[in-house]
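S.K.: Before I ask anything, let me first share the structure, which is written out below as structure tokens.
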Amino acid sequence: MIAPRTTLPGTLEAVTRDYTKALGLPILLHHPPRGYSRRRLDRQLHVHLYALPLRPLWLDLWSKTSAARLPVVLGHRLAEGTGGAYAPPGRLARGVSLTDEDGRAVLHLLFNNVYILFDLVGQPEPLARLLLRKSLDLALPHLEASFALFSELGDDDLVLGVGWPLVWTLEESGRRERAWDVRHDLLRRAWETGNTAAQMRMLGGLAINALDLGMPAREALSFVHDHLPLALGENRETIAIALSRCAHVLARTGNIDPATQILARAEALFDELEDMERWVRAMNEDTLSLIRGHLDNAAFAEAYTRGRAMPLNGVIELAMEATSSGSSDESVVPARQTQVKATEAPRE
């Protein structure tokens, strides 16, 4: 039975909004009344609060699950009166069961479904929000298992849906070579299915990925060159992000003057939008630092002012020209951490 101090799923949506914005992956919360919740297969991440996958009663493959009292979960003491935690599904169920630092099973990951096995909704709101963040942080690096399961199903649409947050978490955990391989596979699937939005994302990510792996500058520039036209048909925020990524790659490959102008025009767009995602802001700050290391104050002010005043079609033409083959310095400047972990998203 759920403790009297219950956190409603609606109060947890501020947490999922942060992760949705960081990952580009819609996250839906489910709170089933009887502890069982059927898996969903779509391009969203489903988080089932205090639940197990729906038990197939006709075969009785999973016995009724006992609930064990866990006083501490993910390093935090649970409230008095908290319901017991479910044991993870048996070996007949697919997916991966995850444990906390004390070896307690706290989550079960099945395709794009995260089952929280302990009584998260029975906690006071601040603790429930913190535990949801920690649960998502624990689950996201294991999306590779879901990626493999979707690949077995042969459903390219679902693979592309879960693939984007997968490569993000692979990079966050330092597995850049694996992220490179997964991105190439996703790009192939996107080309084969005509999914231009996925092509745009993968090409942009591969550009940064190539630099981080120390590949020749021309490789990164070619990815940006192919990425830009796909972004032009999108909204102004997407165009601003594409220009920011272009400026970053140009700055790291020694193309300082066009990088400065393109960054300036991107930031002018963001000023109009009055919003900028945190990872983009971090990337732009890194780009700016690289640029200021090459230009004195007068040269920087002149190029930046020129870029902010440039018409959008003019800066796009400049970006396409600057990323064309033969315009790069083969040396690549390492970047600082330009992605922001989901755990660093703004707190309520």
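For the sequence shown, counting from 1, position 180 maps to 287 in this note's numbering; every step adds exactly one.
Just so it is clear, CB atoms sit at the ideal spot from N, CA and C, and this is done for glycine as well.
All figures in this text were calculated on a predicted structure; none of them were measured in a lab.
Report the option in ARG176, ALA186, GLY182, GLU187 whose CA atom is closest to the CA atom of ALA194.
M.R.: When only C-alpha atoms are compared, the closest one is ARG176.
S.K.: Helix, strand or coil for PRO160, going by three-state DSSP, please let me know.
M.R.: Reduced to three states, the DSSP call for PRO160 is strand.
S.K.: Among ALA371, VAL228, LYS241, ALA286, which one has its Cα closest to the Cα of GLU208?
M.R.: Closest option to GLU208, Cα to Cα, is LYS241.
S.K.: Are at least three pairs of beta-carbons, each pair with one atom in the region 369-388 and one in the region 415-422, less than 8 Å apart?
M.R.: Flag = yes, the region 369-388 and the region 415-422 touch.
S.K.: Judging by CA-CA distance, which residue of GLY321, PRO160, LEU238, LEU247 is the nearest neighbour of ALA186?
M.R.: When only C-alpha atoms are compared, the closest one is LEU238.
S.K.: May I have the straight-line CA-CA distance separating GLU120 from GLU232, to the nearest angstrom?
M.R.: So the two alpha carbons sit approximately 12 Å from each other.
S.K.: Could you compute how far the alpha carbon of THR300 sits from the alpha carbon of MET307?
M.R.: The straight-line gap from Cα to Cα measures roughly 13 Å.
S.K.: Are there 16 or more other CB atoms within 10 angstroms of the CB of PRO365, so buried, or fewer, so exposed?
M.R.: Per the 10 Å Cβ criterion, buried.
S.K.: Take the Cβ of HIS355 as the centre, count every other Cβ of all protein chains shown within 10 Å, and call the residue buried at 16 or more, exposed below.
M.R.: Buried, by the Cβ-count rule.
S.K.: Might you give, ordered along the chain, the residues of its own chain that have their beta carbon closer than 6 Å to the beta carbon of GLN410, omitting 5 neighbours on each side?
M.R.: A small fix is needed here, since residue 410 is Ala in this sequence, not Gln. Answer for ALA410: ASP364, THR367, GLN368, listed in chain order.
S.K.: Rounded to whole angstroms, what is the Cα-Cα separation between SER351 and THR394?
M.R.: Those two C-alpha atoms are separated by around 9 Å.
S.K.: Thinking C-beta only, is HIS153 closer than 7 Å to VAL203?
M.R.: No, they are not a contact pair.
S.K.: Taking all protein chains shown into account, decide if PRO196 is buried (16 or more other Cβ within 10 angstroms of its Cβ) or exposed.
M.R.: Under this definition PRO196 is a buried residue.
S.K.: Going by DSSP, what residue range makes up the alpha helix (DSSP H) through SER242?
M.R.: Segment 232-246, the alpha helix (DSSP H) holding SER242.
S.K.: Quick check on the DSSP output: the beta strand (DSSP E) that includes VAL221 runs from which residue to which?
M.R.: First-last of the beta strand (DSSP E) with VAL221: 220-223.
S.K.: Quick one: is ASN362 buried, meaning 16 or more other Cβ sit within 10 Å of its Cβ, or exposed?
M.R.: Looking at its Cβ environment, which holds 16 or more other Cβ atoms inside 10 Å, ASN362 is buried.
S.K.: In whole angstroms, what is the alpha-carbon distance linking ARG145 and GLY270?
M.R.: So the alpha carbons of these two residues sit roughly 22 Å apart.
S.K.: Please decide whether TRP386 counts as near chain D, where near means a Cβ-Cβ distance under 7 Å.
M.R.: Structure shown: chain D not included; a single protein chain is present.
S.K.: Excluding five sequence neighbours on each side, which residues of the same chain lie with their C-beta closer than 7 Å to the C-beta of MET309?
M.R.: So the qualifying residues of the chain are ARG290, LEU293, LEU294, ALA297.
S.K.: Can you give the Cα-Cα distance for GLY400 and ALA373, rounded to whole angstroms?
M.R.: Between GLY400 and ALA373, the C-alpha separation is close to 20 Å.
S.K.: Spatial neighbours of ARG283 within its chain, please: CB distance less than 7 Å, with the 5 preceding and 5 following residues excluded, ordered by chain position.
M.R.: Correct list, in chain order: ASN316, ASP319, LEU320.
S.K.: Does the distance from the CB of ALA426 to the CB of CYS353 come in under 7 Å?
M.R.: The answer is yes: Cβ separation under 7 Å.
S.K.: With a threshold of 16 other CB atoms inside 10 Å of the CB of SER396, please say whether the residue is buried or exposed.
M.R.: With fewer than 16 Cβ atoms within 10 Å of its Cβ, SER396 is classed as exposed.
S.K.: Any idea which residues DSSP pairs ILE134 with across the strands?
M.R.: Looking at the DSSP assignment, ILE134 forms a beta bridge with LEU152.
S.K.: Between which residues of its own chain and ALA429 is the CB-CB distance below 7 Å, once the five residues before and five after are set aside?
M.R.: Counting only Cβ-Cβ distances below 7 Å, and skipping sequence neighbours, we find LEU357, ASN362, PRO365.
S.K.: According to DSSP, is ARG467 helix, strand or coil?
M.R.: For the chain, the structure presents residues 108 to 455; residue 467 sits outside this window and is missing.
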